[in-house]
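Number of protein chains: 6
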Amino acid sequence: MTKPISKYPVPKLEELPEDIRGRMLEVQQKAGFIPNVFLTLAHRPEEFRAFFAYHDALMLRNSGLSKAEREMIVVATSARNQCPYCVIAHGAVLRIYAKDPQIADQVAIHHGKADLTPRQKAMLDFACKLARTPEAVTPADHETLRAHGFSEEDIWDIGAITGLFALSNRMAHLIEMRANDEFYLMGRVPPPPK
Amino acid sequence: MTKPISKYPVPKLEELPEDIRGRMLEVQQKAGFIPNVFLTLAHRPEEFRAFFAYHDALMLRNSGLSKAEREMIVVATSARNQCPYCVIAHGAVLRIYAKDPQIADQVAIHHGKADLTPRQKAMLDFACKLARTPEAVTPADHETLRAHGFSEEDIWDIGAITGLFALSNRMAHLIEMRANDEFYLMGRVPPPPK
Amino acid sequence: MTKPISKYPVPKLEELPEDIRGRMLEVQQKAGFIPNVFLTLAHRPEEFRAFFAYHDALMLRNSGLSKAEREMIVVATSARNQCPYCVIAHGAVLRIYAKDPQIADQVAIHHGKADLTPRQKAMLDFACKLARTPEAVTPADHETLRAHGFSEEDIWDIGAITGLFALSNRMAHLIEMRANDEFYLMGRVPPPPK
Amino acid sequence: MTKPISKYPVPKLEELPEDIRGRMLEVQQKAGFIPNVFLTLAHRPEEFRAFFAYHDALMLRNSGLSKAEREMIVVATSARNQCPYCVIAHGAVLRIYAKDPQIADQVAIHHGKADLTPRQKAMLDFACKLARTPEAVTPADHETLRAHGFSEEDIWDIGAITGLFALSNRMAHLIEMRANDEFYLMGRVPPPPK
Amino acid sequence: MTKPISKYPVPKLEELPEDIRGRMLEVQQKAGFIPNVFLTLAHRPEEFRAFFAYHDALMLRNSGLSKAEREMIVVATSARNQCPYCVIAHGAVLRIYAKDPQIADQVAIHHGKADLTPRQKAMLDFACKLARTPEAVTPADHETLRAHGFSEEDIWDIGAITGLFALSNRMAHLIEMRANDEFYLMGRVPPPPK
Amino acid sequence: MTKPISKYPVPKLEELPEDIRGRMLEVQQKAGFIPNVFLTLAHRPEEFRAFFAYHDALMLRNSGLSKAEREMIVVATSARNQCPYCVIAHGAVLRIYAKDPQIADQVAIHHGKADLTPRQKAMLDFACKLARTPEAVTPADHETLRAHGFSEEDIWDIGAITGLFALSNRMAHLIEMRANDEFYLMGRVPPPPK
Chain A
1 MTKPISKYPV
11 PKLEELPEDI
21 RGRMLEVQQK
31 AGFIPNVFLT
41 LAHRPEEFRA
51 FFAYHDALML
61 RNSGLSKAER
71 EMIVVATSAR
81 NQCPYCVIAH
91 GAVLRIYAKD
101 PQIADQVAIH
111 HGKADLTPRQ
121 KAMLDFACKL
131 ARTPEAVTPA
141 DHETLRAHGF
151 SEEDIWDIGA
161 ITGLFALSNR
171 MAHLIEMRAN
181 DEFYLMGRVP
191 PPPK
Chain B
1 MTKPISKYPV
11 PKLEELPEDI
21 RGRMLEVQQK
31 AGFIPNVFLT
41 LAHRPEEFRA
51 FFAYHDALML
61 RNSGLSKAER
71 EMIVVATSAR
81 NQCPYCVIAH
91 GAVLRIYAKD
101 PQIADQVAIH
111 HGKADLTPRQ
121 KAMLDFACKL
131 ARTPEAVTPA
141 DHETLRAHGF
151 SEEDIWDIGA
161 ITGLFALSNR
171 MAHLIEMRAN
181 DEFYLMGRVP
191 PPPK
Chain C
1 MTKPISKYPV
11 PKLEELPEDI
21 RGRMLEVQQK
31 AGFIPNVFLT
41 LAHRPEEFRA
51 FFAYHDALML
61 RNSGLSKAER
71 EMIVVATSAR
81 NQCPYCVIAH
91 GAVLRIYAKD
101 PQIADQVAIH
111 HGKADLTPRQ
121 KAMLDFACKL
131 ARTPEAVTPA
141 DHETLRAHGF
151 SEEDIWDIGA
161 ITGLFALSNR
171 MAHLIEMRAN
181 DEFYLMGRVP
191 PPPK
Chain D
1 MTKPISKYPV
11 PKLEELPEDI
21 RGRMLEVQQK
31 AGFIPNVFLT
41 LAHRPEEFRA
51 FFAYHDALML
61 RNSGLSKAER
71 EMIVVATSAR
81 NQCPYCVIAH
91 GAVLRIYAKD
101 PQIADQVAIH
111 HGKADLTPRQ
121 KAMLDFACKL
131 ARTPEAVTPA
141 DHETLRAHGF
151 SEEDIWDIGA
161 ITGLFALSNR
171 MAHLIEMRAN
181 DEFYLMGRVP
191 PPPK
Chain E
1 MTKPISKYPV
11 PKLEELPEDI
21 RGRMLEVQQK
31 AGFIPNVFLT
41 LAHRPEEFRA
51 FFAYHDALML
61 RNSGLSKAER
71 EMIVVATSAR
81 NQCPYCVIAH
91 GAVLRIYAKD
101 PQIADQVAIH
111 HGKADLTPRQ
121 KAMLDFACKL
131 ARTPEAVTPA
141 DHETLRAHGF
151 SEEDIWDIGA
161 ITGLFALSNR
171 MAHLIEMRAN
181 DEFYLMGRVP
191 PPPK
Chain F
1 MTKPISKYPV
11 PKLEELPEDI
21 RGRMLEVQQK
31 AGFIPNVFLT
41 LAHRPEEFRA
51 FFAYHDALML
61 RNSGLSKAER
71 EMIVVATSAR
81 NQCPYCVIAH
91 GAVLRIYAKD
101 PQIADQVAIH
111 HGKADLTPRQ
121 KAMLDFACKL
131 ARTPEAVTPA
141 DHETLRAHGF
151 SEEDIWDIGA
161 ITGLFALSNR
171 MAHLIEMRAN
181 DEFYLMGRVP
191 PPPK
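Residue numbers (the numbering used here), protein chains in the order written: chain A, 1 to 194; chain B, 1 to 194; chain C, 1 to 194; chain D, 1 to 194; chain E, 1 to 194; chain F, 1 to 194.
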C-alpha cells in the first residue's frame, strides 16, 4: 500500500544520523519491520532522541507495573484520545506482552468492562482521568491507588506514561501518523514459524 | 516559606549526577534561583534528561515562532489544563520575552480576548484544541494556520510544544509541583539593579 | 471460557419458543456459532422479536447504503458509546462485508481518520452526532448529506440504524452483554477451509 | 394548523396496510385523535410494526413499575435529549396516568427537583445516565436501584424503556416529528364531558 | 398544598418593609396571586430591591425586543439551566404575552425546533450560548445578530436579560424556590370570566 | 493606551446623572482611578444602579464570609467563566483584602490547588459548581458546606455572590469590558508612598 504515513517528509534510512538509523535497524531486526513512529518522528532528530529516551526510561525500567500493564495505560488513554497509531500499534504490543488476543480490543473500547483485575481497572481509571481532565486529579485519587497496592513510584509510572502518551497522541494526530499494516494482526494469531 | 514543592522526594543538589547539577547551577546563575521543575523532576534523572532535551529542542531551536509566541502556547494550554506551576512559571517567562507585563494574565484567562494579533489567536486556538481535544483537530485546522502564514514546520512547533506541555502539565498535577515565589513578580516590574 | 455473557438469566435453546430457536439455529448454521446477542436478549421473547424485526427491516432492506456502510454506522456509533459487544461483533461483520481487515479498527478508533471516502465520513459524522447529541442535528446536517449524494431515504436509513443501535448499545451496557470469542478474529484472516 | 408533521411523506390512512390502519383507528377511538408518531412512522411499515411491538412489550407488560413511572422515564430522558414530540406527547400521557397536572413539566425540567419519591428519583437518575452517557453506567448503579427496592426485572424495564426512547428520540429528531396540538392540554384540565 | 416554597425563611407580608409589601400587593392585584419569587427573595430586602430594579429596567423598558421575545430568552436560558421556577413562571408569562398556548413548552424543550422566526432562533442561540458558555461568545456572534436586524442596544438587552436570569436561576436553585400552582395553567386556557 | 474599554459607548463623567457621577468620584478618590466597570455599565444608568445596589448588598454586608473570601468566590467563578475583567480586577482586590500577593493567581488557575483552608476550598467547590452547572447542585452540597461550619446565611451569600458574578461575567463578555492597567500590579507590590 502506498498511503502516506505522515503529513511531513519522512527521511530515508540512509540520510539519518547513525544513532537513529541504528535504533531503527535494531527494532527492525526484532519486530521484522520498522514501526512508523520511528520513521515519522525522525524528521526531527533531536526530538526523536528525546522522545525515545523518555519512552525507554519509562517502558523499560524496573517497575511495580508489568510491561503489559504499562501498555494497557497506553492503549486505554490513547483510545480516549482517539489516536489511531497508538491504539493499533500499542494494542499489538499489549496482546503480545499479555499473551491475550482479546485484551487490547477490550481495553480500547472500555477498560471498565474489560477482563481486568480491580487493581488494573483502578490504574486505568486514574490514567484516563489524568489523560482527559488532568485538573480533576486529587489526592483522593492517589489514595485509591495506594489502597490497591500501588507504591508512590508506581503512581509516578502510571502518571508519567499517561503524560508521555498525551504528548505522543498529539504528535500522531498532528502529523497524521499511520499505523503499519503489520500491527493489526500481531498477537492475534500465533506468529509464523521462522 | 516551607511548603513542599512536590509530593515526591526532592533530591539534594549534591546528590545529583554531575550533568543535572550542572544544568541547575547554570539556570540558577541566569535566573537567580532554581525553578522547582528542575528540582522536582530530578527525582528521576533519566526522565529529567529526556524532558529537558525535548524542551530545549523545541524552545531553543530556530523557528518561525518567536520565543514569546512559544511561551504563549505554554501559558494558554497550561491554563486550559489548570496547571498552577506551568501557568505561573511560564507566565513569568512570557512577560519577559514579550516585554509586556499584562500579556500572561490575559492569555491565561482567555487568549481569544487578549491583546494579540489574529495570527497569534489562530495559533492559540489550534494549540488549545490540540491540548484539550486532540481528536478534534482536522486538516482544515492546518489550513487555517497556513492561511495565517505559518509554515508546516511552524505547525509542527505549535503542536509539539502543546504536546510537550500536555506531558508537563500532567507531571506537575501528578506530583503537585509548586511554583517558586520568585515567578509571581517576574516581568511585572523592572528587575532590581544588580 | 466460562465468563457470564449477561447479568440476566440466559435461556437454554430447548426452553425457547419455536420461532426464536429457529432463528438461532439458522444463524448458527451460517456463522458457525450463536452470537450472544441472540442468547441474551431471548430472556424476553417479545422484545427479542421486536428487536430483530427492526434489525432486519433496516439491515436487510434494499438501500442506497451498502451493507458494509450500514455496519460502519453501527461500529462508529457503538464505539462512541463504548459498547464492547457491538464494536466487537459488528466490527467482525464490517470486516467481512467490506473485505477489509483494517477498516473496523480504524472506524472504531476515529472514523474521521479512517480509510474512507468523504461521503462515508460525512455519513459517520452525521451518525455520531445523532448518536451522542441528537438535539444538535439541524436541517443543515441533512443538506450536507444531500450534497454527498444521499437520498432522503438513505438519510432515514442512517438515522434509523443509529437509533436502533442507540437502543442496542444501552441494552448491551445494561445487561453486560459479552462478545463471543469468535468475533475477535473474524474477517482478519482467511476463514478456515470447510 | 397546517404545519408539516414530518420531513418525510406521511401516508394516507387508506393507503396503509390493514394492520397498521387498524391500529391507528383503535388509538383514534380511544384518544380522539391519531398521535403523529403513528402517522409519521407509517412511512416505513416494517419499522412501524417493530417499533410498536417493542413499545407494547415494554409499556403494557406487567411490571414492578407503574404505568406512570414508565412514562416518567420517557419524559425525563426525552427532555435530556430535547425531543419535542416525546416530551409533549408522553408528558400528556404521564399527567393522565399520574393524575397529576404538574408532574410532567416538573420531570421535563429537572427530575431531581420534581415532586417524586426518592425511589422514583433514583430510577430517573439511572435512566438519564443511561440515556446520555450509557458507557458510564456501572454495577454500582444497579446496586443503588436494588437498594431502592427495584428487582432485576424492574431494572431491565427501566433500561429497555430508556433504550427504546433513545431510538424514538433520534427518529423524532431525524424526521422533525411534530406533536399534535391536542397533547398540550391533555391531563391539565378535566376532559370535556362526552 | 403545603410544600415549602424555599429552603430559607419566608417573611410574612406584614413583617415586610412598606415598599416591598406594596410591590407584592400590586402584583397580587394584577395576577391574582403573589409569585413565589417575591415572597422568597424578600428574605433579604436589599437584594430584593436590587433584583427587581434590575428586572424592571430590562423587562419594562422600550426595546427592539417585544415583551414576548424577552420572556422567550428567560424561558430558553432557564430551561438550559434546568430551573423549575423560572421555566414554569416565565413560561406562563410567555404564553400570555405571545398569546400562544404552545410556545413556552416548545421553547423550553428546544428553541431551535420551536415555531419561531429565524430572527428569534438566532436571538435564542446567542442567549443560550451566553447562558451556558459565556466565554465562547465572539464578535462573530454579534455580527450574526446584526445580520438578523438586531441593533447594538437590542443585543445589550438580549445579553443583559440572559445575565439577569443567570443570577435568578442560580438563586432559585440555591433556595429551592418552588413555582406557584397557578402558573401551570396560565395562558393555556382562556382566563375565567371576572 | 487607547484600547477601547467597551464595545458600547462610554458616557463622559459630566454627562452622567449626579448619583452615578458621585459614586465614581468616590471610588476614584479611594482607588486612585475609576474602574472600567463603572464607566462602561453607566451606559445604562438604571441597570448601573441596580447592579451596584446588588453588589453593595452582598459585598459590604456583615457576613460569616470575610471580604477576602467573598472576593475569592468572584475570582474563582469568573476564572471558570474566563472573564478577563473580573479575574483581573477582583484578583487585585483579593490580593489586597487577603494581604497575599500570590492568592489571586492561584485561585484563578485552580482553587483546589491553591493555598487555602479546606473550608475555603469547599466554599469554592460549591461556588464553581453553581457557576458552571447550577442544575447539578443538590441538598448534599448544602450539607457539605454546613459540615465545614457555614451557616445557612453564609450559603446564601456564597450562592448570591456566585449568581451576581454570573450576571457580571456575562455583561463583561457581552460588551468586551477591558480591565484598567492599574489592576495588574495592585496588591503585588507595596503601594507607593503617598
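Ideal Cβ placement from N, Cα and C applies to all residues, glycine included.
Quick caveat, the model's predicted, so the values are computed rather than measured.
- Rounded to whole angstroms, the gap between the alpha carbons of A50(C) and L58(D) is 11 Å.
- Cα atoms of D115(B) and Q106(B): separation of roughly 8 Å, rounded to the nearest angstrom.
- Secondary structure of F33(C) (DSSP, three-state): coil.
- When secondary structure is reduced to three states using DSSP, M171(D) falls in the helix class.
- Counting C-beta pairs closer than 8 Å gives fewer than three between the region 91-111 of chain B and the region 62-73 of chain F, which falls short of the contact rule.
- Judged by their CB atoms, L164(A) and L167(B) are nearer to each other than the 8 Å cut-off.
- With a threshold of 8 Å between beta carbons, F33(E) makes no contact with chain F.
- Excluding sequence positions up to five before and after I161(A), its CB lies within less than 7 Å of the CB of L58, R70, I73, V74, all in the same chain and listed in chain order.
- Assigned with DSSP and collapsed to three states, I96(D) falls in helix.
- In the displayed model, H142(F) falls within a helix according to three-state DSSP.
- Around the CB of F38(B), 16 or more other CB atoms lie within 10 Å, so the residue is classed as buried.
- Residues of chain B with a Cβ closer than 8 Å to the Cβ of A89(A) do not exist; the shortest Cβ-Cβ separation is about 17 Å.
- The C-beta of D157(C) has 16 or more other C-beta atoms within 10 Å across all chains shown, which makes the residue buried.
- For the pair A104(A) and Q82(C), the Cα-to-Cα distance works out to about 14 Å.
- Around the beta carbon of L60(C), fewer than 16 other beta carbons sit within 10 angstroms, so the residue counts as exposed.
- At a cut-off of 8 Å between beta carbons, A140(C) makes no contact with chain D.
- F52(A) carries a helical assignment under DSSP once its states are collapsed to helix, strand and coil.
- For the pair of segments examined, the region 27-34 of chain B was found not to touch the region 20-39 of chain A: the number of CB pairs separated by less than 8 Å stays below three.
- Look at the region 143-174 of chain E: the residues with a C-beta under 7 Å from a C-beta of chain F are E152, W156, G159, A160, T162, G163, L164, A166, L167, N169, R170, M171, H173, L174.
- Separation of A98(B) and A172(B) (C-alpha to C-alpha, rounded to the nearest whole angstrom) is 25 Å.
- The beta carbon of K121(E) lies closer than 7 Å to those of H111, G112 in the same chain, with the five residues before and after it left out.
- Per DSSP, K129(C) is one residue of the alpha helix (DSSP H) stretching across 118-132.
- Against E71(F), chain E offers no close residue; the least beta-carbon distance is about 18 Å (beta-carbon pairs closer than 9 Å).
- When the alpha-carbon of L174(B) is set against those of H148(A), F126(A), R178(A), Y184(A), the nearest one is in F126(A).
- Nearest CB-CB separation between V189(D) and chain C: not below the 8 Å threshold.
- Sorting E176(A), F183(A), L124(A) by C-alpha distance to the C-alpha of G159(B) places E176(A) at the top.
- For the options I5(B), S6(B), H43(B), the alpha carbon positioned closest to that of E14(B) is the one of H43(B).
- Chain order gives no chain C residues near A179(D), where near means a beta carbon separation below 9 Å; the closest approach is about 16 Å.
- Residues of chain E whose Cβ lies closer than 8 Å to the Cβ of A79(D) are, in chain order, I109.
- DSSP places K113(C) in the helix class (H, G or I) of the three-state scheme.
- Within the model, the alpha-carbon separation for V189(D) versus D100(D) is close to 10 Å.
- Nearest neighbour of E182(F) by Cα position, chosen from E26(B), N180(B), Q102(B), turns out to be Q102(B).
- Any Cβ of chain C closer than 8 Å to the Cβ of P84(A) would place that residue at the interface, and such an atom is present.
- At least 8 Å separates the CB of L39(C) from every CB of chain D.
- The CB of L185(E) comes closer than 8 Å to the CB of P101, R188, V189 in chain D, given here in chain order.
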